[in-house]
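Notes for the one structure printed next.
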Amino acid sequence: MVDITAKKATLRTAVAEALVVLSDSKTVTAIEAGQVPKGDVFEMSRAAGLLGIKKTPDLLPDCHPLPIEGARITYQMEGLEIRIRVWVTTIYKTGVEVEAMHGASVVALNLYDMLKPLDKGIEIRNIRLVEKTGGKSDIRRS
Numbered sequence: 000m001v002d003i004t005a006k007k008a009t010l011r012t013a014v015a016e017a018l019v020v021l022s023d024s025k026t027v028t029a030i031e032a033g034q035v036p037k038g039d040v041f042e043m044s045r046a047a048g049l050l051g052i053k054k055t056p057d058l059l060p061d062c063h064p065l066p067i068e069g070a071r072i073t074y075q076m077e078g079l080e081i082r083i084r085v086w087v088t089t090i091y092k093t094g095v096e097v098e099a100m101h102g103a104s105v106v107a108l109n110l111y112d113m114l115k116p117l118d119k120g121i122e123i124r125n126i127r128l129v130e131k132t133g134g135k136s137d138i139r140r141s
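In numbering that gives the first Met the number 0, the protein residues as written are 0 to 141.
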């Protein structure tokens with residue numbers, strides 16, 4: 000683990016995204032009609048993603064435990080694609096990029112788990128960092 004003792008706490012943000020691609024338009028209809036047997040896929044996946052963000056240092060040994068000051072998860076459906084966006088904010092000595100990407104991956108996996116009884120061809124694609132601020136360099140990729 001990198002020693003961050005000498006670093007100063009600053010505002011750090013990160014935005015990550017993942018793409019869930021469905022294979023059947025009937026799955027979209029079931030989501031929109033609230034007829035997925037396992038429940039509300041977006042709210043359950045949001046809760047799973049928040050847990051994923053908070054539990055990142057428990058699963059990835061080089062990640063520092065840090066205070067999560069804010070987190071937000073959104074969904075955008077277009078055709079058979081569900082785009083997940085995860086925002087994470089902290090005021091700390093190290094960034095939250097991995098927490099944001101971990102959150103996006105957990106949301107995607109939970110969507111997969113809840114929808115797999117309806118759709119056997121679901122794919123998870125493009126888990127990536129879209130934006131980062133704070134620390135030595137700021138990046139914006141959106």
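Virtual Cβ for every residue (Gly too), placed ideally from N, Cα, C. Fair warning: this is a prediction, and the values are worked out from it, not measured in the lab.
Asked: Quick check: what's the CA-CA separation for L128 versus S24?; Found: 28 Å
Asked: How do the stretch 54-66 and the stretch 89-96 stand: do at least 3 beta-carbon pairs fall below 8 Å, yes or no?; Found: yes
Asked: Following the continuous alpha helix (DSSP H) through K25, name the residue where it begins and the one where it ends.; Found: 24-31
Asked: Using three-state DSSP, classify E42 as helix, strand or coil.; Found: helix
Asked: Please name the residue, chosen from G133, V14, T26, A13, that lies closest to L79 on a Cα-to-Cα basis.; Found: T26
Asked: Would you grab the beta carbon distance between E130 and V14 for me? Rounded to a whole angstrom, and I think it's under 8 Å.; Found: 4 Å
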